[in-house]
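Q:
In full-length UniProt numbering, the protein residues as written are 1 to 383.
#1: Kindly indicate the opening and closing residues of the alpha helix (DSSP H) around residue 244.
#2: Count the other CB atoms, across all protein chains shown, that sit within 10 Å of the CB of residue 219; report buried if there are 16 or more and exposed otherwise.
#3: By the three-class DSSP mapping on this structure, what secondary structure does residue 109 have?
#4: Is DSSP giving residue 310 helix, strand or coil here?
#5: Excluding the 5 residues flanking residue 214 on each side, which residues of the same chain have their C-beta closer than 7 Å to its C-beta?
#6: Distance, Cα to Cα, residue 7 vs residue 138?
#7: When burial is assigned at 16 or more other CB atoms within 10 Å of the CB, is residue 104 buried or exposed?
#8: Near residue 211, what residues of its chain come up, given a Cβ to Cβ distance below 8 Å and the 5 sequence neighbours on each side ignored?
#9: Can you find the residues in the same chain that come closer than 7 Å, C-beta to C-beta, to residue 173, ignoring five residues on each side of it along the sequence?
#10: Report the three-state DSSP secondary structure of residue 408 (helix, strand or coil).
#11: Where does residue 331 sit, in a helix, a strand or coil, going by DSSP?
#12: With DSSP collapsed to three states, give me the class of residue 95.
#13: Roughly how many angstroms lie between the CA atoms of residue 58 and residue 91, to the nearest whole one?
#14: Within a Cβ cutoff of 7 Å, which residues of the same chain sit near residue 149, ignoring the five residues on either side of it in sequence?
#15: Looking only at its own chain, which residues have a Cβ that is under 6 Å from the Cβ of residue 240, when we skip the five neighbours before and after it?
#16: Can you check which of these residues, 227, 151, 226, 134, is closest to residue 200 by C-alpha distance?
#17: Round the Cβ separation of residue 232 and residue 95 to the nearest angstrom and send it over; I've been treating them as touching at under 8 Å.
#18: Mind checking which residues open and close the alpha helix (DSSP H) that includes residue 177?
#19: Three-state secondary structure (DSSP) at residue 79?
#20: Taking the beta carbon of residue 247 as the centre, do at least 16 other beta carbons fall within 10 Å, making it buried, or is it exposed?
#21: Got a sec? Which residues, its chain only, sit under 8 Å from residue 249 by beta carbon, not counting five neighbours each side?
#22: Is residue 262 helix, strand or coil by DSSP?
#23: For residue 236 and residue 125, what's the separation of their Cα atoms in angstroms?
#24: Output needed for residue 178: all residues of its chain with C-beta closer than 7 Å, excluding positions within five of it in sequence on either side, in chain order.
#25: What did DSSP end up calling residue 101 once you bin it into helix, strand or coil?
#26: Can you say whether residue 328 is buried or exposed, counting buried as having 16 or more other CB atoms within 10 angstroms of its CB?
#27: Between residue 243 and residue 305, what straight-line distance do the alpha-carbon atoms span, to the nearest angstrom?
#28: With distances taken Cα to Cα, identify the nearest neighbour of residue 114 among 122, 107, 108.
#29: Take the Cβ of residue 129 as the centre, count every other Cβ of all protein chains shown within 10 Å, and call the residue buried at 16 or more, exposed below.
#30: In the structure shown, what three-state DSSP assignment does residue 162 receive?
#31: Please return the same chain residues whose Cβ sits closer than 8 Å to the Cβ of residue 216, not counting the five positions on each side in sequence.
#32: Leaving out the 5 sequence neighbours to the left and right, which residues in its chain are closer than 6 Å to residue 86 when beta-carbon positions are compared?
#33: Among the residues of its own chain, which have a CB less than 6 Å from the CB of residue 230, if the five just before and after it don't count?
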């Protein structure tokens with residue numbers, strides 16, 4: 001447990017460096033003036049941003065692992081199988097919580113184009129429903145393959161449509177991560193046509209939704225809280241309408257005729273409260289880092305859930321699981337290291353170019369000033 005906690009902290013710290021150097025590289029290029037005080041101020045900003053990113057990453061990991069444990073108890077031990085409907089309740093509680101926070105002036109709401117918010121909310125709601133349908137129509141092993149395919153598909157979309165470059169080292173680290181998670185979590189692969197189509201649709205909608213989560217925040221200059229506050233009602237609405245039908249088709253049970261005992265209601269309430277942190281941290285992490293980094297963090301959560309299941313719940317654990325987790329952790333560490341090095345080198349080259357430009361132009365300005373002073377003295381001179 002101590003080793004896994006240390007590895008988790010190291011990975012989160014490395015990922016936070018990626019986000020901070022990426023976000024500051026462009027701003028440093030524009031604002032760098034060669035002054036020591038300016039440099040110290042930027043270093044202070046970088047440290048504060050890094051602490052914020054570390055907090056967001058820890059919140060995401062802690063809340064996600066917590067909700068997995070809570071939902072496992074709710075669905076496995078208490079027999080509540082209605083995952084899609086439960087997700088709609090999660091989003092409703094998230095919106096209500098953010099609405100109360102807005103009324104108490106905890107954050108400022110920024111209007112976003114209605115069409116953008118509606119389409120974004122519906123897309124995210126549909127992706128959640130498709131993931132649940134994919135799990136219902138496929139084996140657990142194929143469902144894990146679906147989740148693993150999100151990273152390469154995201155890399156492909158960002159390369160084709162956003163002109164984002166991924167080095168060969170980063171691609172290798174991602175490949176190592178996917179191999180490790182696959183070894184640790186995939187047990188069987190049973191294919192069928194309907195399940196495969198649903199998985200492809202789930203991958204596409206999830207990737208596009210996460211890319212838009214990052215793009216909208218940066219293009220429209222809105223915070224993760226503002227985007228989640230405005231899109232959550234539409235996500236909740238489509239899942240609340242479709243959830244009972246999807247769950248009934250998958251479980252052959254009616255969510256409205258379920259026996260809601262006090263302990264079931266208690267776990268549902270706890271799950272909804274934890275989901276507020278999950279949804280908030282999801283938008284926060286994607287906005288501060290990138291969709292690919294968020295997926296890497298998601299696979300870290302998978303490894304932690306497997307490890308905690310073995311240590312706390314005494315789930316069966318094989319040498320294959322251990323080897324897979326170790327390979328996945330190695331891939332995560334390499335990904336964090338390569339991204340951090342690339343971001344630092346990019347920032348350094350930008351600052352060097354700006355310093356060189358400043359050094360080239362400063363002598364010319366000084367010379368012009370000296371010439372002007374000389375002419376002024378010539379005019380005032382009695383000679």
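Cβ atoms here follow ideal geometry from the backbone N, Cα and C, with glycine treated the same way. Values in this document were obtained by computation on a predicted structure and should not be read as measured data.
A: According to the structure data:
#1: Taken as a continuous stretch (DSSP letters only), the alpha helix (DSSP H) holding residue 244 covers 224-251.
#2: Around the Cβ of residue 219, a 10 Å sphere holds fewer than 16 other Cβ atoms; the residue is exposed.
#3: The three-state reading of DSSP puts residue 109 in coil, since its state is none of H, G, I, E or B.
#4: helix
#5: In chain order, 286, 287, 290, 291 place their CB closer than 7 Å to the CB of residue 214, counting only its own chain and leaving out the 5 sequence neighbours on each side.
#6: For residue 7, the predicted model reports a pLDDT of 43, less than 50, meaning its position is unreliable; a value from the coordinates is still stated below. For residue 7 and residue 138, the distance between alpha carbons rounds to 33 Å.
#7: exposed
#8: 154, 157, 158, 162, 291
#9: 331, 334, 335, 338
#10: Given that the chain is displayed from residue 1 to residue 383, the structure contains no residue 408 and the question cannot be resolved.
#11: helix
#12: helix
#13: 21 Å
#14: 203
#15: Non-local C-beta neighbours of residue 240 in its own chain, meaning closer than 6 Å and more than five positions away in sequence, comprise 88, ordered along the chain.
#16: For residue 200, the closest C-alpha among the options 227, 151, 226, 134 is that of 134.
#17: Right, their Cβ atoms sit about 4 Å apart.
#18: 168-185
#19: coil
#20: buried
#21: 136
#22: helix
#23: 7 Å
#24: So the qualifying residues of the chain are 148, 151.
#25: Residue state, collapsed to three classes: helix.
#26: buried
#27: Per the coordinates, the alpha-carbon of residue 243 lies some 26 Å from the alpha-carbon of residue 305.
#28: Closest by C-alpha distance to residue 114, out of 122, 107, 108, is 122.
#29: buried
#30: coil
#31: 112, 116, 120, 222, 227
#32: Nothing meets the Cβ criterion.
#33: 112, 117
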